[in-house]
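Undergrad:
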Amino acid sequence: MNELVGATFERTEFVDVDMADLLNRGSTFRECVFRGVEFNSSTHTEAAFLNCTFVRCEFFDATFTDCKLVGSTFDGGSFDVLRVSGGDWSFTGMPGADLRRASFSGVRLHDVDLSGAKCAGAAFTEVDLSDAWLHGADFSGADLRGADLSGVDPTSVTLTGARIEPEQAVTIALALGFRIG
3 MNELVGATFE RTEFVDVDMA DLLNRGSTFR ECVFRGVEFN SSTHTEAAFL NCTFVRCEFF
63 DATFTDCKLV GSTFDGGSFD VLRVSGGDWS FTGMPGADLR RASFSGVRLH DVDLSGAKCA
123 GAAFTEVDLS DAWLHGADFS GADLRGADLS GVDPTSVTLT GARIEPEQAV TIALALGFRI
183 G
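Under the numbering used here, the letters of the sequence shown match residues 3 to 183, in that order.
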């Protein structure tokens with residue numbers, strides 16, 4: 003597969019498929035299962051992966067722009083240099099994922115499960131992390147500027163050295179029980 007434009011797949015299982023370097027524009031995958039699929043260096047624009055399951059998939063240098071991955075789950079796999087810009091990844095499950103070299107910008111991550119995720123040094127800029135499951139996640143040194151941190155419990159995540167904006171510092175201080183002013 004080199005290019006997919008507007009294709010639709012429903013309840014399809016992809017096993018050990020090489021989707022490296024794939025150009026995907028506007029295709030929809032609904033309730034599909036991807037096992038051992040390589041998405042390395044693939045580019046996805048305005049595509050939808052709705053309630054899909056990804057098991058041991060590789061996303062090295064993959065780019066997702068304005069894509070929907072609502073309700074999808076990730077079990078294992080690699081996310082080195084993954085870039086996500088815009089779109090909606092709400093209700094996505096990525097517990098324990100190693101996202102240290104990933105970048106999320108302007109994407110909706112409402113109710114996402116990042117519990118135990120390794121996000122140290124990653125970028126989560128201008129993202130909606132409201133009601134996200136973050137218990138045990140490590141955001142040490144991560145770039146969180148502009149992210150909605152209103153649902154973050156700073157006692158259950160590691161935030162040492164994370165970069166935030168002054169307004170976000172107030173949100174964190176309030177979550178810790180401080181009274182401002």
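Yeah, the Cβ is synthetic: ideal placement off N, Cα and C, and Gly gets one too.
Mapping DSSP to helix, strand and coil, what is A125?
TA: strand
Undergrad: Specify, as a first and last residue, the run of the alpha helix (DSSP H) that L101 falls within.
TA: Looking at the DSSP string, L101 is not in any alpha helix (DSSP H), and its letter there is neither H nor E.
Undergrad: Buried or exposed for F180, please, with buried defined as at least 16 other CB atoms from any protein chain shown within 10 angstroms of its CB.
TA: exposed
Undergrad: Within 10 angstroms of its Cβ, does G95 collect 16 or more other Cβ (buried), or is it exposed?
TA: So G95 counts as buried.
Undergrad: To the nearest angstrom, report how far apart K120 and E60 are at their CA atoms.
TA: 16 Å
Undergrad: Sorted by chain position, which residues of the same chain lie with C-beta nearer than 6 Å to N26's C-beta, five sequence neighbours on each side aside?
TA: L6, H46 and A49
Undergrad: In three-state DSSP terms, what is L52?
TA: strand
Undergrad: Applying the 10 Å Cβ sphere with the 16-neighbour rule, what's the burial state of L131?
TA: Buried, because 16 or more other Cβ atoms sit within 10 Å of the Cβ of L131.
Undergrad: Quick check: the Cα distance between T65 and G183, rounded to an integer number of angstroms?
TA: 43 Å
Undergrad: Going by the beta-carbon positions, is the gap between R88 and T75 smaller than 8 Å?
TA: Strictly speaking, residue 88 in this sequence is Gly, with Arg absent from that position. With a cutoff of 8 Å on beta-carbon distance, G88 and T75 are scored as not near each other.
Undergrad: Rounded to a whole number of angstroms, what is the C-alpha to C-alpha distance between F41 and F16?
TA: 12 Å
Undergrad: So, A125 versus D140, is the Cβ gap smaller than 8 Å?
TA: Not a contact, by the Cβ cut-off of 8 Å.
Undergrad: Considering only the beta carbon of each residue, do D23 and G38 sit closer than 8 Å?
TA: no
Undergrad: For the alpha helix (DSSP H) holding T173, just list the boundary residues, first then last.
TA: P168 to A177
Undergrad: Please report the straight-line C-alpha distance between S44 and D20, rounded to a whole angstrom.
TA: S44 and D20 have their C-alpha atoms spaced approximately 10 Å apart.
Undergrad: Could you have a look at V222 and say whether DSSP puts it in helix, strand or coil?
TA: Any answer about residue 222 is impossible in this case: the structure gives the chain only from 3 up to 183.
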